[in-house]
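Quick notes on the structure that follows.
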Amino acid sequence: MTIESVFPKVREIIADVLVVEESDVTLNSRLIADLGAESIDFLDLVFQLEKEYNIKIPRGQLEKNARGELSEEEFEKGGVLTAKGLTALKAYLSEVPDEYFKDNMKVNEIPMLFTVETFCKLIVAAVDAQSLKESFA
Amino acid sequence: MRFLFVDRILYSVPGERINGIKHITADDHYLSQDDNGRFYFPSSFVGETLGQLAAWNVMKSGNFTKRPVAGVAACATLYRPAYVGDTLLLESVIDSLDDVVVQYHSIARVGNEIIFTIDGALGPLLPMEDFINEDEVRRQYAELDRPGEWSNVSSMSLESLNLNPQRSATSFSFDAILSSDPGVRLSAVKKISRAASYFPDHFPNKPVLPMTVLLECQLNLAREFIKRAAFEKSYVARELRRIKMNEFVYPGDVVTCSLSVKSQDESALVLSFRNEVEGKRVCVMELLLVSDVS
Chain A
399 MTIESVFPKV REIIADVLVV EESDVTLNSR LIADLGAESI DFLDLVFQLE KEYNIKIPRG
459 QLEKNARGEL SEEEFEKGGV LTAKGLTALK AYLSEVPDEY FKDNMKVNEI PMLFTVETFC
519 KLIVAAVDAQ SLKESFA
Chain B
281 MRFLFVDRIL YSVPGERING IKHITADDHY LSQDDNGRFY FPSSFVGETL GQLAAWNVMK
341 SGNFTKRPVA GVAACATLYR PAYVGDTLLL ESVIDSLDDV VVQYHSIARV GNEIIFTIDG
401 ALGPLLPMED FINEDEVRRQ YAELDRPGEW SNVSSMSLES LNLNPQRSAT SFSFDAILSS
461 DPGVRLSAVK KISRAASYFP DHFPNKPVLP MTVLLECQLN LAREFIKRAA FEKSYVAREL
521 RRIKMNEFVY PGDVVTCSLS VKSQDESALV LSFRNEVEGK RVCVMELLLV SDVS
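Residue numbers (this note's numbering), protein chains in the order written: chain A, 399 to 535; chain B, 281 to 574.
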């Protein structure tokens, strides 16, 4: 499973959830800034993706993935990303252009960065993890 | 007029499931009248009752510090109206619950007959004090929480009695049609007045338009659309799909609704609705209507 292979279905689901035309949804589209997503849309989107791919995406999984090996304290202080945190976030969200990241970025601003590709990556990782889990079961 | 519909909680395991009842009686304020003059509790409000039942369970589970609000429902299926005389047996099952959101599904029955279901409902959890005082909501819960046997209350349904309230039905509709292209699209407007009877309960600290009121208005707008379209077939509403309320609507707001045909074939008509306030999407849904063969 690759980003390219999941993109058509993810695009269809995102267009459906955000009530926009599929043609408006590209890999680079930012969900909030470009497609008008609201917080309830993220809940809806995760629910639809879980159903479609038969996976579980725990709340805050994207932030957790971005944090990687860093502890919460190393990642953010008082709701603001540390320098290490910002570096980790940039590394994880490699699909997001550099100019969208800013110093002293707040944790609750992270969803502003999410693109369609971010969700494709999330699906690929979750499906791979699920397959791995099943092969050991 | 109260906008709290569950009459009694019969059984509840917080965070898991809850059963309750609602009697539909001539004392109910929110009643509509069908083409035969028979009074019924609007379908959207059966959905509201099920949502409130799930909410009682979730609020109890979180020690009344947070409350769920209407967000998303994948599908609500309307099997038949709930008439005056019916007792609704209500059941909500909590599929998942965390600090942020509840996911649940619900069924309303009259006796053994399913009359309404909700699938794939998602409700964001928000701080209770933003909406209602914690002590007040605890008092309301305590008043409803009277465990009992379902089998005892289900025999109370009075389906055969012709109980009609001695007053006019309440209408939930848009105020005016803005534009009409018969059989293709229709748009309408509704001004939200602070005087509406549901605001004191929905909610005391933050009056917002109940999503189900907006859904009922859209169902009535669909009837107006079908009347104007003069299709050869008659249609009956069967499923509300992909319902999503993504912004609160407040007193003083003006809601514009655009309805258009999404698809139509021999047996079914699908209408799509988009509601906006000041050009911003507040609620969307699709309505499946099927050919009425009765």
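Using N, Cα and C, we set each Cβ at its ideal position, and we do this for glycine too. Only a predicted model underlies this, so the values are computations on that prediction, with no experimental measurement involved.
Thinking C-beta only, is residue j closer than 9 angstroms to residue i?
| i | j | result |
| --- | --- | --- |
| residue 555(B) | residue 351(B) | no |
| residue 529(B) | residue 494(B) | yes |
| residue 373(B) | residue 359(B) | no |
| residue 516(B) | residue 572(B) | yes |
| residue 409(A) | residue 498(A) | no |
| residue 414(B) | residue 479(B) | no |
| residue 457(A) | residue 469(B) | no |
| residue 493(A) | residue 425(A) | yes |
| residue 536(A) | residue 460(A) | With chain A covering 399 to 535 only, the question about residue 536(A) has no answer from this structure. |
| residue 607(B) | residue 321(B) | This structure cannot settle anything about residue 607(B), because the visible part of chain B is limited to 281 through 574. |
| residue 474(B) | residue 532(B) | yes |
| residue 528(A) | residue 463(A) | no |
| residue 569(B) | residue 324(B) | no |
| residue 298(B) | residue 334(B) | yes |
| residue 370(B) | residue 302(B) | yes |
| residue 412(A) | residue 510(A) | no |
| residue 389(B) | residue 398(B) | no |
| residue 492(B) | residue 317(B) | no |
| residue 504(A) | residue 487(A) | no |
May I ask you to list the residues that DSSP assigns as paired with residue i?
| i | result |
| --- | --- |
| residue 474(A) | 479(A) |
| residue 407(B) | 346(B) |
| residue 519(B) | 357(B) and 568(B) |
| residue 299(B) | 291(B) and 371(B) |
| residue 389(B) | 369(B) and 394(B) |
| residue 555(B) | 537(B) and 563(B) |
| residue 501(B) | None; residue 501(B) has no bridge partner. |
| residue 491(B) | Beta-bridge pairing links residue 491(B) to no other residue. |
| residue 313(B) | 319(B) |
| residue 376(B) | 383(B) |
| residue 525(B) | 563(B) |
| residue 402(B) | 352(B) and 383(B) |
Show which residues of chain A have a CB atom less than 8 angstroms away from the CB atom of residue i.
| i | result |
| --- | --- |
| residue 351(B) | 438, 441 and 442 |
| residue 382(B) | Here the premise fails: no neighbours, minimum Cβ distance about 10 angstroms. |
| residue 561(B) | 417 and 434 |
Would you decide whether residue i is buried or exposed? Buried here means 16 or more other CB atoms lie within 10 Å of its CB.
| i | result |
| --- | --- |
| residue 285(B) | buried |
| residue 534(A) | exposed |
| residue 404(A) | buried |
| residue 314(B) | exposed |
| residue 331(B) | buried |
| residue 482(B) | buried |
| residue 348(B) | buried |
| residue 400(A) | exposed |
| residue 403(B) | buried |
| residue 431(B) | exposed |
| residue 337(B) | buried |
| residue 300(B) | buried |
| residue 416(B) | exposed |
| residue 451(B) | exposed |
| residue 530(A) | exposed |
| residue 408(B) | buried |
| residue 522(B) | buried |
| residue 419(B) | exposed |
| residue 503(B) | exposed |
| residue 281(B) | exposed |
| residue 429(B) | exposed |
| residue 365(B) | buried |
| residue 490(B) | buried |
Anything in chain A within Cβ reach of residue i, meaning under 7 angstroms, just list it in chain order.
| i | result |
| --- | --- |
| residue 378(B) | 457 |
| residue 524(B) | 438 and 442 |
List the residues of chain A whose Cβ lies closer than 9 angstroms to the Cβ of residue i, in chain order.
| i | result |
| --- | --- |
| residue 564(B) | 417 |
| residue 471(B) | Within chain A, no residue comes near residue 471(B); the closest Cβ sits about 24 angstroms away, beyond 9 angstroms. |
Should residue i be listed as close to the ligand MG, given that the test is whether its C-beta is under 8 angstroms from any heavy atom?
| i | result |
| --- | --- |
| residue 496(B) | The ligand MG is not part of this structure, which contains no ligands at all. |
Taking 9 angstroms as the threshold (beta carbon to beta carbon), is residue i in contact with chain D?
| i | result |
| --- | --- |
| residue 449(A) | Absent here is chain D; the protein component of the structure consists of chains A and B. |
Under 9 angstroms between beta-carbons, which chain B residues line up against residue i? List them in chain order, please.
| i | result |
| --- | --- |
| residue 534(A) | Near residue 534(A) there are no residues of chain B at all, since even the closest Cβ is about 24 angstroms away, more than 9 angstroms. |
| residue 473(A) | By Cβ distance, chain B contributes nothing, its closest Cβ being about 19 angstroms from residue 473(A), past 9 angstroms. |
Interface residues of chain B around residue i at Cβ under 8 angstroms?
| i | result |
| --- | --- |
| residue 499(A) | By Cβ distance, chain B contributes nothing, its closest Cβ being about 25 angstroms from residue 499(A), past 8 angstroms. |
Q) If contact means a Cβ-Cβ distance below 8 angstroms, which residues of the region 526-558 of chain B contact chain A? A) Listed by position, the residues of the region 526-558 of chain B near chain A (Cβ gap below 8 angstroms) are 526, 527 and 554.
Q: Residues of the region 403-433 of chain A with a CB closer than 7 angstroms to any CB of chain B: list them in chain order, please.
A: Those would be 417, in chain order.
Q) If contact means a Cβ-Cβ distance below 7 angstroms, which residues of the region 512-525 of chain A contact chain B? A) Of all residues in the region 512-525 of chain A, none has a C-beta nearer than 7 angstroms to a C-beta of chain B.
**Q.** Interfacial residues, the region 402-434 of chain B to chain A, with Cβ spacing under 8 angstroms
**A.** Listed by position, the residues of the region 402-434 of chain B near chain A (Cβ gap below 8 angstroms) are 402 and 404.
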